[in-house]
Every structure is written in structure tokens, then in C-alpha cells.
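Residue numbers (the numbering used here): 1 to 305.
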């Protein structure tokens with residue numbers, strides 16, 4: 001562990017070899033490095049130095065501690081390499097005596113320490129992050145329910161499957177509405193409307209094969225009179241709909257406004273995801289027993305991989 005060259009220092013022989021032993025790295029994290037050493041009984045103090053190079057004699061930081069066997073350097077750059085050394089200082093009747101420097105070692109060489117990684121090779125540099133991958137929108141998304149060639153969900157269906165451009169969707173207590181007072185995204189005529197006083201579900205009856213990196217949609221009260229609404233959840237399944245995981249939950253207290261054209265940013269929801277396996281999504285109103293004026297609407301669902 002000792003790496004310094006010994007020199008003859010008058011008076012130092014009274015204190016053995018005059019150097020701290022067991023000098024070692026203890027912890028590193030969050031821009032700090034802590035190291036320790038074994039105390040010498042006769043030492044009056046210790047001087048610690050933080051260096052930018054293994055052979056530098058100009059410290060970045062220096063501190064003398066009267067009594068101690070550990071020190072923490074803080075406020076460091078996480079990906080800068082540092083070197084650390086310590087020496088013991090002694091008082092003699094003639095004059096103060098300084099011991100030799102002892103470095104924190106990494107094997108047989110003076111240790112280069114990065115607060116983010118600990119010991120690193122002398123030529124180590126943090127690798128560049130991989131380039132950002134451009135997200136791909138699944139074909140036929142966003143789904144805005146705008147296919148005019150079929151009469152989808154002309155009335156609340158207890159449990160049905162309807163085919164839209166994005167795929168087959170299974171619905172319960174859902175109604176596709178284009179009325180003049182029903183909220184929807186302005187890009188199109190229709191929005192999906194839940195039923196008063198009912199648990200309503202609009203969900204994919206198909207899997208998106210490449211997983212999902214982002215999900216976005218518009219949601220809010222169906223009309224300005226809908227002010228007695230139950231919760232509305234967004235859920236996903238990675239086992240073809242056998243089980244579901246809640247991604248988000250909304251209530252009126254979340255401040256989601258009613259806007260005829262969903263022109264308030266609060267109506268737009270976006271989630272970054274890291275789902276690597278086939279996945280499907282569903283949108284659920286929890287309003288059974290709530291009563292009248294409890295309808296939500298959902299529109300412009302977009303999924304990226």
C-alpha cells in the first residue's frame with residue numbers, strides 16, 4: 001500500500017517508519033470520495049491532498065486534520081479522475097517533522113478515482129451516451145375513431161368488438177359520439193364517450209408487437225355538465241389481456257377541464273414507457289353507482305415503439 005520514496009528525515013526514526021498504513025478508498029458517490037488510514041499514535045496531525053495527476057505536487061485541495069483516520073473530499077466532478085495521498089506530521093523537540101506521502105493505491109499503481117465509478121484505468125474516459133433513438137409511431141395511430149366507412153358504437157354496447165384503423169377494440173358501455181357538445185380532439189369529428197353511472201371500458205383487442213416507448217392521448221369530462229365523475233384509469237397488459245397494470249388514474253380533483261376541442265394542455269396526457277414485450281392498453285371509467293353527469297371522453301390515442 002506504500003508507494004512513496006523514503007528520504008532520511010532527522011528525527012523521524014523516533015516514530016517508526018513515520019507513514020500511515022492501510023490507506024484505502026472507502027466510499028465514492030455523488031461527487032465525493034472518502035478514504036481512510038490507520039492512525040499513528042505519535043502523529044500530531046495528518047495532511048491530505050487531492051491531486052489531478054499521480055506525480056503532481058500541486059494539490060487541487062489540501063487539508064490538515066489534527067486527529068482522525070478518514071477524510072472526505074466533496075464537491076467533485078463525477079467523471080474527473082483524482083489521486084489522493086496522506087502524510088503524518090510529528091512534533092519533535094527540535095522542529096516539526098513531516099512523514100512521507102502515502103497514496104491511495106489501486107493494486108500496484110497510484111489509484112485514479114472517479115466519484116461516479118471508483119477506481120478507473122489511467123486512460124479511462126466515460127463513454128458517450130448512445131444516440132437517442134427516434135420513436136416510431138405504430139401504423140394507423142393516432143386512433144381518433146374517424147373511420148366513416150362503418151357504424152362503430154352507434155349506441156352503448158354492453159360488450160362488443162369493433163374494428164378501427166388501428167385494430168379491433170373491445171368496448172363495454174362506450175359510445176362513439178360526434179355531437180356538438182361532446183368534447184374531443186379538434187382533429188376530427190368523433191370522440192369515445194363513457195356511459196353515465198356505469199363502469200365503462202375501451203381496450204385494444206390486439207397486442208402491439210414491439211412494446212411501447214410512449215403513450216399519448218386526450219381525456220376529459222365529456223360535457224361541461226359532467227361534474228360527478230368516478231375515477232378514470234389507463235392500464236396496460238403484457239399477457240394479452242389476462243391481467244392489467246394501472247399506468248395512470250384521474251379524478252375531477254386533478255383539474256382536468258372540460259373543453260369542447262380539448263384545447264387545454266391539461267387534456268393532453270403523455271407517458272414515457274420502457275415496455276419491451278408485446279403490450280395492449282385499455283381505458284376504464286369507474287363510475288358504477290356514481291349517478292348522472294359522470295361521463296369521460298377519450299380521443300387521439302397514439303402509441304410509439
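For each residue, glycine too, the CB sits at the ideal point set by N, CA and C.
Beta-carbon spacing of residue i, residue j below 7 Å
{"i": "residue 238", "j": "residue 283", "result": "no"}
{"i": "residue 290", "j": "residue 211", "result": "no"}
{"i": "residue 279", "j": "residue 208", "result": "yes"}
{"i": "residue 23", "j": "residue 104", "result": "yes"}
{"i": "residue 281", "j": "residue 236", "result": "yes"}
{"i": "residue 37", "j": "residue 69", "result": "yes"}
{"i": "residue 303", "j": "residue 215", "result": "yes"}
{"i": "residue 271", "j": "residue 136", "result": "no"}
{"i": "residue 51", "j": "residue 61", "result": "no"}
{"i": "residue 115", "j": "residue 83", "result": "no"}
{"i": "residue 293", "j": "residue 242", "result": "no"}
Same chain, Cβ closer than 8 Å to residue i, neighbours up to 5 away in sequence not counted
{"i": "residue 174", "result": "153, 156, 157, 192, 193, 194, 195, 200, 201, 202"}
{"i": "residue 257", "result": "220, 221, 264, 266, 267"}
{"i": "residue 248", "result": "233, 234, 269, 271"}
For residue j and residue i, believed in contact at Cβ under 8 Å, the rounded distance
{"i": "residue 25", "j": "residue 118", "result": "7 Å"}
{"i": "residue 81", "j": "residue 110", "result": "About 11 Å; that fails the 8 Å criterion."}
{"i": "residue 197", "j": "residue 288", "result": "7 Å"}
{"i": "residue 179", "j": "residue 171", "result": "About 18 Å separates the two Cβ atoms, so there is no contact after all."}
Beta-carbon proximity list for residue i, same chain, < 7 Å, skipping 5 on both sides
{"i": "residue 300", "result": "142, 144, 185, 187, 217, 218"}
{"i": "residue 260", "result": "183"}
{"i": "residue 146", "result": "188, 189, 190"}
{"i": "residue 357", "result": "Summary: the structure shown does not reach residue 357, with the chain confined to residues 1 through 305, and so no result is reported for it."}
{"i": "residue 255", "result": "266"}
Contacting residues, own chain, Cβ-Cβ under 6 Å from residue i (five flanking each side not counted)
{"i": "residue 72", "result": "32, 34"}
{"i": "residue 46", "result": "65, 86, 88"}
{"i": "residue 232", "result": "250, 285, 296"}
{"i": "residue 252", "result": "229"}
{"i": "residue 21", "result": "38"}
{"i": "residue 223", "result": "181"}
{"i": "residue 177", "result": "193"}
{"i": "residue 213", "result": "135, 273, 304, 305"}
{"i": "residue 99", "result": "18, 19, 87, 88"}
Where residue i falls: helix, strand or coil (DSSP)
{"i": "residue 265", "result": "helix"}
{"i": "residue 45", "result": "strand"}
{"i": "residue 10", "result": "At residue 10, the pLDDT of 49 sits below 50, so the modelled position is not reliable; the number obtained from the coordinates is stated separately. DSSP places residue 10 in coil when its eight states are reduced to three."}
{"i": "residue 252", "result": "helix"}
{"i": "residue 286", "result": "strand"}
{"i": "residue 204", "result": "strand"}
{"i": "residue 214", "result": "strand"}
{"i": "residue 105", "result": "strand"}
{"i": "residue 70", "result": "strand"}
{"i": "residue 221", "result": "strand"}
{"i": "residue 114", "result": "strand"}
{"i": "residue 229", "result": "coil"}
contact_flag[the stretch 22-41, the stretch 74-84] where n(CB pairs < 8 Å) is 3 or more: yes
Between the stretch 162-174 and the stretch 204-216, do three or more beta carbon pairs fall short of 8 Å? yes
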